[in-house]
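Peer 1:
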Amino acid sequence: MVREKKIKDLVIPLTDYPHMPYWGTLKEAIVQLNVVYETGHNTVLIFDEAYEFVGILLQTDILKGLEPKFARHFKEGLPLSWDDLLKSESQKRLAQPVKEFMSGVAATVDAEDSILKASHIMLREDAHLLPVMEGDKVIGVVRMGDLFHEITNAVLKL
Amino acid sequence: MPLPNVFQPVFDFFSKKRQEKALRDEDDKALFIERYKAFREVLKNNNEVLMTMADMQEKASGTFVFDRAYVESSYQAVSDGIKRIIDNLNVLGNEKYKDLIIPYQKNDDAIRERLSAEVAIPKTGYVLHLKEIGKETVPSAGGKLAHLGELAGVLGLHVPPGFVVTTYAYQAFVQHNQIQDILNEKTSKLDVRNYDKLTATSQEMQQLVRNGQIPADLEKAILDAYRAMCERAGDENLRVSVRSSALHEDIMASFAGQYETALNVPAEDLLAQYKSVLSSQFTPRALFYYKDKGFHIEEMAMAVGVLAMVESKVSGIMYSRDPGSPKEDVILINAVWGLGVYAVEGVVPTDNHRVFGEDAREITREEIACQEVMLVGGPEAGTHEVHVPKELLGKPCLNNEQISELAGYARKLEAHFGQPQDMEWAMDQEGRLYLLQSRPLRLASPRALADEGRPMVSKGYKILLDSGNVACRGAGAGPVCVVNREEDLADFPEGGVLVVRHTHPEFAVVLQKASAVVSDIGTVLGHLATVAREYDVPAIFNTENATRVLKNGMKVTVDAVYANVYEGVVEEVLKGKRTTDAFQSSPVLKELREILRMITPLNLTDPRSPDFRPTGCKTLHDITRFAHEVSMRALFDLSKESYFAARSTKQLVCEVPMQWWIIDLEDGIKEGVKGKKVRYEDIQSIPMRAVWEGMTALPWKGPPPVDTKGFLSVMFGATTDPTMDPLVRKGFVDKNYIIISKHFCNLSSRLGFHFSTTEAYLGHNPNENYVSFIFKGGAADVDRRVRRVHFVGKLLQHFDFRTEVKDDSLFARLDGHEQDYLKERLKVLGHIMIHTRQLDMVMFNDAMVNWYYQDMLKGIESFVSIPH
Chain A
464 MVREKKIKDL
474 VIPLTDYPHM
484 PYWGTLKEAI
494 VQLNVVYETG
504 HNTVLIFDEA
514 YEFVGILLQT
524 DILKGLEPKF
534 ARHFKEGLPL
544 SWDDLLKSES
554 QKRLAQPVKE
564 FMSGVAATVD
574 AEDSILKASH
584 IMLREDAHLL
594 PVMEGDKVIG
604 VVRMGDLFHE
614 ITNAVLKL
Chain B
-7 MPLPNVFQPV
3 FDFFSKKRQE
13 KALRDEDDKA
23 LFIERYKAFR
33 EVLKNNNEVL
43 MTMADMQEKA
53 SGTFVFDRAY
63 VESSYQAVSD
73 GIKRIIDNLN
83 VLGNEKYKDL
93 IIPYQKNDDA
103 IRERLSAEVA
113 IPKTGYVLHL
123 KEIGKETVPS
133 AGGKLAHLGE
143 LAGVLGLHVP
153 PGFVVTTYAY
163 QAFVQHNQIQ
173 DILNEKTSKL
183 DVRNYDKLTA
193 TSQEMQQLVR
203 NGQIPADLEK
213 AILDAYRAMC
223 ERAGDENLRV
233 SVRSSALHED
243 IMASFAGQYE
253 TALNVPAEDL
263 LAQYKSVLSS
273 QFTPRALFYY
283 KDKGFHIEEM
293 AMAVGVLAMV
303 ESKVSGIMYS
313 RDPGSPKEDV
323 ILINAVWGLG
333 VYAVEGVVPT
343 DNHRVFGEDA
353 REITREEIAC
363 QEVMLVGGPE
373 AGTHEVHVPK
383 ELLGKPCLNN
393 EQISELAGYA
403 RKLEAHFGQP
413 QDMEWAMDQE
423 GRLYLLQSRP
433 LRLASPRALA
443 DEGRPMVSKG
453 YKILLDSGNV
463 ACRGAGAGPV
473 CVVNREEDLA
483 DFPEGGVLVV
493 RHTHPEFAVV
503 LQKASAVVSD
513 IGTVLGHLAT
523 VAREYDVPAI
533 FNTENATRVL
543 KNGMKVTVDA
553 VYANVYEGVV
563 EEVLKGKRTT
573 DAFQSSPVLK
583 ELREILRMIT
593 PLNLTDPRSP
603 DFRPTGCKTL
613 HDITRFAHEV
623 SMRALFDLSK
633 ESYFAARSTK
643 QLVCEVPMQW
653 WIIDLEDGIK
663 EGVKGKKVRY
673 EDIQSIPMRA
683 VWEGMTALPW
693 KGPPPVDTKG
703 FLSVMFGATT
713 DPTMDPLVRK
723 GFVDKNYIII
733 SKHFCNLSSR
743 LGFHFSTTEA
753 YLGHNPNENY
763 VSFIFKGGAA
773 DVDRRVRRVH
783 FVGKLLQHFD
793 FRTEVKDDSL
803 FARLDGHEQD
813 YLKERLKVLG
823 HIMIHTRQLD
833 MVMFNDAMVN
843 WYYQDMLKGI
853 ESFVSIPH
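Those protein sequences? They're chains A and B, same order as listed.
Offset between the first sequence (1-based) and our numbering: plus 463.
Under our numbering, the second sequence has 592 at position 600, and the numbering climbs by one with no breaks.
1. Could you give the residue range of the alpha helix (DSSP H) that holds M585/A?
2. With V841/B as the anchor, note down where its alpha helix (DSSP H) starts and where it stops.
3. Ignore the nearest five residues each way along the sequence and tell me which others in A436/B's own chain have a CB closer than 6 Å to its CB.
4. Report the neighbours of K768/B on chain A: residues whose CB is nearer than 9 Å to its CB, in chain order.
5. What residue ranges within the segment 172 to 244 of chain B form continuous alpha helix (DSSP H) runs of no fewer than 4 residues, ordered along the chain?
6. Which residues in chain D sit within 9 Å of N837/B, going by Cβ to Cβ distance?
7. Evaluate contact between the segment 300 to 310 of chain B and the segment 399 to 417 of chain B, counting only Cβ atoms and requiring at least three cross-stretch pairs below 8 Å.
8. According to DSSP, simplified to helix, strand and coil, what is V499/A?
9. Would you mind reading off the limits of the alpha helix (DSSP H) that contains L140/B?
10. Between the beta-carbon of W329/B and the beta-carbon of L263/B, is there less than 9 Å?
11. So the candidates are K98/B, S180/B, L35/B and A69/B; which of them puts its Cα closest to the Cα of L81/B?
12. Say whether the segment 613 to 631 of chain B touches the segment 769 to 778 of chain B, bearing in mind that this needs 3 or more beta-carbon pairs closer than 8 Å, one atom from each stretch.
13. Does S307/B come out as helix, strand or coil in the three-state DSSP assignment?
14. Is V856/B buried or exposed, if buried means 16 or more other CB atoms sit within 10 Å of its CB?
15. I'd like to know whether the C-beta atoms of M835/B and R780/B end up nearer to each other than 9 Å.
16. Against P481/A, what residues of chain B qualify as contacts under a CB-to-CB distance less than 7 Å, listed in chain order?
17. Could you say which of A521/B, H496/B, A482/B and D528/B lies nearest to Q504/B if we only look at CA atoms?
18. Give the secondary structure of S272/B by DSSP, where H, G and I count as helix, E and B as strand, and everything else as coil.
19. Between H591/A, E597/A, K600/A and L610/A, which lies nearest to N505/A when the distance is taken from Cα to Cα?
20. Output yes if chain B places a C-beta closer than 9 Å to the C-beta of P594/A; else output no.
21. At a CB-CB cut-off below 8 Å, which residues of chain B make contact with Q559/A?
22. When burial is assigned at 16 or more other CB atoms within 10 Å of the CB, is E40/B buried or exposed?
23. To the nearest whole angstrom, what separates the beta carbons of A574/A and I470/A, a pair I think is in contact under 8 Å?
24. Can you tell me where the alpha helix (DSSP H) holding N256/B begins and where it ends?
25. Does the beta-carbon of Q421/B have 16 or more other beta-carbons within 10 angstroms, so that it is buried, or is it exposed?
26. Which chain A residues sit within Cβ distance under 8 Å of W843/B?
27. For E486/B, does the count of other Cβ atoms within 10 angstroms reach 16, so buried, or fall short, so exposed?
28. Evaluate I655/B with the Cβ neighbour count: other Cβ atoms within 10 Å of its Cβ, from every protein chain shown; 16 or more gives buried, anything less gives exposed.
29. Is V157/B near V298/B, with beta carbons less than 9 Å apart?
30. Can you tell me which of the three DSSP states W684/B falls into?
31. Is the segment 471 to 491 of chain A touching the segment 557 to 571 of chain A in the sense that three or more CB pairs, one from each, lie closer than 8 Å?
32. Examine the Cβ distances between the segment 593 to 600 of chain B and the segment 612 to 629 of chain B and report whether three or more of them are shorter than 8 Å.
33. If I measure Cβ to Cβ from R235/B and keep anything under 6 Å in the same chain, skipping five residues before and after, which residues do I get?
34. Which residues, taken in chain order from the segment 500 to 529 of chain A, show a beta carbon closer than 8 Å to some beta carbon of chain B?
35. For K600/A, which beta-bridge partners are listed by DSSP?
36. Can you name, in chain order, every residue of its own chain whose Cβ lies under 7 Å from the Cβ of P(-4)/B, other than the five neighbours on each side?
Laid out in structure tokens, this is it:
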């Protein structure tokens, strides 16, 4: 019987994934995501000074960070131009540490966990990306897209 | 509750341990200070040796006057300096470089042997006849008579009959009277700049010789030769001239007229005049020249010519060239009535003739003098002045045929000796012409002529650079080749103009091919300058912007006299380029050049070459280069490995959230600071203040550093990185050490997961100054760590550092610069140390490296003043 794939088979190793310390600026995070655009990676993992994993910075976190505060009061969105965006206080926020914008880590998966378990956690937490742990060490991430591909392939073979 | 006795030994043991440890720490500090001092000594002596070598090389160009004492004392300084370098390097490196003594000893022996080389006086008879001698017998017959013999024997020219009393005879005379040691001592102690002492010593020495006794066999040889001459002349009381003929008299033009010549000497005075001429070696003027030109005392041996007196109707001097315009084909002749002394000494106006062209077709009588008195031989002895007979007054001394005949001699002699000649001649009562002597004519040095003759700035040419320090005089032209890295050296073209930002000794390998060297920055006392002078490659250093202005392939002319660089080839600058100065033949100059060949060539150019080791040193310069390089490394290692007791350190009170402990070696902290803490304001270490300025110029970013626990619990396996382990053990984990003195600073820090050491010496002498920097480690994956050190390296290169990257370690260095220049660079290091914390994490790819490079450059440039 073919061994059922585990998370460790799908993990994107940390070395291939953007990460940075929490005191790095929002701008630095954007730069990093900008240069990795072609790889499809869209999240930055955030660590502390002891290389403890402390959070992730999602695209939504960044966009929220860039949006002027007053914009949040407009449900239909704002007639904002690029110039407005750049002139506004978002300039200042670009220089703030990512700690201010990142999301906490709601859930992780273990490298030995099954794909289905990971999929379940993602659905439960509404997450597209999960840090993969080996003991108390982050070794990389697993993406919903990759899980989806594995699962749907298996479905088609049934 | 009192402790039970049973535990007492355990506590004793611990406290003993603690004591031992404290003791060891104190030893450690003492050892460090000792080695630090040794390190300073290496640098100081290295600098002094290089300065002395540069000075010697400058003298060896032949445009300066110096004496033997200069060569000896300079070499002594070099030798002593190198000995001290080796000794101190062995203190610093714990006897690791003992082998340096081998090449040192070998060179030192060879050079000292050369310095003490004696001129052997050939064993000959006491007397040689004029026909037995020629230019090859200079060591026996002295310069003047040897050449006269050459005129007679080889060229068949008319000279008065006579003989020479040899240098061997002089030696016999000196030995017989046992005066050599006294003469040696008096000469070597003589200070020729003190005229009174010079005169007094001179008189004592002359007296010694005049009072000496001529050995019986020498006396007999002289008198026998004289009688034989009388017989041949058919005159039993033949009057003679007794002429000095010292070893170097005719070789070095400056000896001209230094020694005595006695005219019209009768038989009975011959021996006394012989001694008198011998003693003229020690006249104040002659002594001055001997010392000043640096002859060995052993070379002060004089031959004496005894020539039949020509009863001169007319005599004079003749130059085969006009010294004022040596290129012109013209012969100068002057003539006086009577003996030539008046012409030589300029006592009376002379008839002056210029003879142009082949076969003396064009004779210009420039002036016919009105000579009223003349010198003639007296009836008994000596000479006296008489009136010029009335019938000769205002008449020319020579007719056209006589002038042509003399001019013919001049051409013949110049052709024979291969250089312009200065001749004395006489015409007897019957109108026969005699040559009395011929010696090289002193012309102004071609280089001096060329330099004086041309303007500082050549008009009509575009000047590209007009500032800098001349490191080696001369001029050269060729295509520009900008060399930034050693790799560029491979393509260096023959005849290219080497253009560099810094004068790294590694560039020396192409100097043989280079027509000139120009640098932005660099000292004229550095290694590259030394080598440039060694190869005589014109060099201008410190032009500030050569690498920006001069572009590869551009043809330029480098004028390393006035420190200008022109676009294109400027012939008038190049004219004075090389000198083949016939007058640079002084023995001391030759000797200096010979010993420099054993001192200055640099073979150890590449510190990474396997030959870069003590036994790879071939010259004394190699030893200094080697010592300079390894002393830096040795001190660096030492600071890294040392551990100091808490007692000898003070904690720095500061806003940078790291723990800094200061170890003050000497004057690094203001006097009177007590206690365990020190504030930044109390720090007076120049380099430390500069680093600190850089560290605090921009706001601190990020959290306080990890404590030991955090460090050890790293998740990414950094702890398994073996390069990190020693740091943990050596106590660098929670404390950052700064070892300082007024001009020195060694700052070791671990920030996050990288370790860096900055070390600097910033004194008043640029040649002793340096900054070095090591950066290594990190906790991200190896690719990111390597990208970070490349990023740091790129930044440092931008600020003129030389860098080398090995895996995730970076080594950077800058030396030989002004204090202010290095202060700004230290600020850069301070900033980089603090702001690269865990930056390895973000180094996803090269695009990130570039972005951070630009970003940090902008930050740094906001607070340093480094023009780029």
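Ideal Cβ positions, reconstructed from N, Cα and C, are used throughout, including at glycine.
Everything numeric in this text was worked out from a predicted model, so none of it was measured.
Peer 2: Let's see:
1. I578 to E588
2. D838 to E853
3. Below a pLDDT of 50, predicted positions are generally treated as unreliable, and A436/B, at 46, falls in that range; the measurement from the model is reported next regardless. So the list is empty, once near-sequence residues are dropped.
4. Ordered by position in chain A, no residue passes the 9 Å Cβ test against K768/B, which lies about 18 Å from the chain.
5. 172 to 181, 187 to 202 and 208 to 225
6. No chain D is present in this structure, whose protein chains are A and B.
7. yes
8. coil
9. V130 to G145
10. no
11. L35/B
12. no
13. strand
14. buried
15. yes
16. F836
17. D528/B
18. helix
19. H591/A
20. no
21. In chain order: nothing, as chain B lies at least about 11 Å away.
22. buried
23. 6 Å
24. From DSSP, N256/B is part of no alpha helix (DSSP H) but of the beta strand (DSSP E) over T253 to V257.
25. exposed
26. V494 and V498
27. exposed
28. buried
29. yes
30. helix
31. yes
32. yes
33. T253 and G297
34. F510, D511, E512, A513, Y514, E515 and F516
35. E597/A
36. In this prediction, P(-4)/B has a pLDDT of 39, which is less than 50 and means its spatial position is unreliable; nothing more can be read from the coordinates.
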